[in-house]
Structures are given as C-alpha cells and as structure tokens.
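Colleague:
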Amino acid sequence: MFKCFFKYQVAIAVVLFALSCSNTNNRPIIKFSRDSSSIIIKNIDEANLLQVKNAYRANADTLNLVSVLIKPGDLDSIQDELEVPGKVKVLGDSVVFNPDQPFLKGKEYLVESYIGIKFATVGDLIRGDGKQNLKAQQQTLKR
Numbered sequence: 001m002f003k004c005f006f007k008y009q010v011a012i013a014v015v016l017f018a019l020s021c022s023n024t025n026n027r028p029i030i031k032f033s034r035d036s037s038s039i040i041i042k043n044i045d046e047a048n049l050l051q052v053k054n055a056y057r058a059n060a061d062t063l064n065l066v067s068v069l070i071k072p073g074d075l076d077s078i079q080d081e082l083e084v085p086g087k088v089k090v091l092g093d094s095v096v097f098n099p100d101q102p103f104l105k106g107k108e109y110l111v112e113s114y115i116g117i118k119f120a121t122v123g124d125l126i127r128g129d130g131k132q133n134l135k136a137q138q139q140t141l142k143r
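Numbering (the numbering used here), first residue to last: 1 to 143.
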C-alpha cells in the first residue's frame, strides 16, 4: 500500500513539474544598446524570428515591426507622444531599431512591438480566455 502511494506521489510530482515548465516567460527583451544609439529586441523565439525575417525580406521598407515614441515630460506644453523616425534591421537573432536622429539624454521612450505576441495558447482557448485583439508589448526606456 505504501509503495503504491509513493509511486502515485512521484507520478504527480513529475506531471506538476512538467506543467510548470511552460514558455510564458519567453517574452522578447527590449532595451537600449550599450552606447544607447539604438534599441535592441532580443530573446525572440525561433518561430517568430523566422516570421520576422521572412517579412523583412519581403518588404523591409514598409515593415513596421517596432514603434518608438518620445514620451512627453511633465513640463512639456505639448502632451502628445511623437513618433521617432528610424530604420529597423534584423541582425542575427535580434531586431535593431536605429533612429534617424540620436536619442536625447534625459528623455523617456515608449517602445511598442508586436513580435512574439499571440492571441491565445491552446490552454487559453480551452478555458475560454482567448483575447479579442492583440496588445503590443510595451517597454519604457530612459536615456
């Protein structure tokens, strides 16, 4: 009896361990480069990276993978977020945004990316937790 109980506990522990190892923490990482001259998006999983590379090869000039906005300061008279113009490149396993003008020191930048965003996982669809629309991954960076 005790051996049977022990076997079931081990089996339950293995199943719980396997279920806890999900890929929900694999969101891409958005940060400045070391010299703060560009924004780098790393940690893109292989499937999404392949989609990004194929889309980039097809139409690199019109592809809008990343949006970078200057957040207005508290003392700014215009409270609009202005888009930062620049170019996006796919280098290796990362996406790099290079602005046309250098980033300004002391300013905050809002980076929005749809890379790696999913409507729902299979588990979400079974539970009925699917999303109606996509929400961009947002990261605020301060230079």
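Glycine included, every Cβ here is placed at the ideal spot set by N, Cα and C.
Computed from a prediction, not measured in an experiment: that's the story for all the values here.
1) From the DSSP output, read off the bridge partner residues of Y109.
2) Can you pull the DSSP bridge partners for E83?
3) Rounded to the nearest angstrom, what separates A136 and I39 at their Cα positions?
4) Please classify K31: does DSSP put it in a helix, a strand, or coil?
5) Leaving out five residues before and five after K71 in sequence, what residues of the same chain have Cβ atoms less than 8 Å from its Cβ?
6) Between which two residues does the alpha helix (DSSP H) harbouring N98 extend?
7) In the DSSP assignment, what residue or residues form a beta bridge with K42?
8) Cβ of L104 within 9 Å of Cβ of E83?
9) Contact defined as beta carbons within less than 8 Å: I believe Y56 pairs with V90. What is the distance between those atoms, to the nearest angstrom?
10) Taking just the CA atoms, how far does D61 sit from L16?
11) Quickly, what does DSSP pair V122 with across the bridge? List them, please.
Modeller: Taking the structure as given:
1) Answer by DSSP bridge pairing, in chain order: I70 and L141.
2) L69
3) 16 Å
4) The answer is strand: DSSP assigns K31 an E or B state.
5) E81, K107, E108, Y109, L110 and T140
6) Per DSSP, N98 belongs to no alpha helix (DSSP H); it is in the beta strand (DSSP E), S94 to P99.
7) I29
8) no
9) 5 Å
10) At L16 the pLDDT is 49, less than 50, meaning the model places this residue with poor confidence; the figure from the coordinates comes in the next sentence. Distance between the alpha carbons of L16 and D61 is about 46 Å.
11) Bridge partners of V122: none, in fact.
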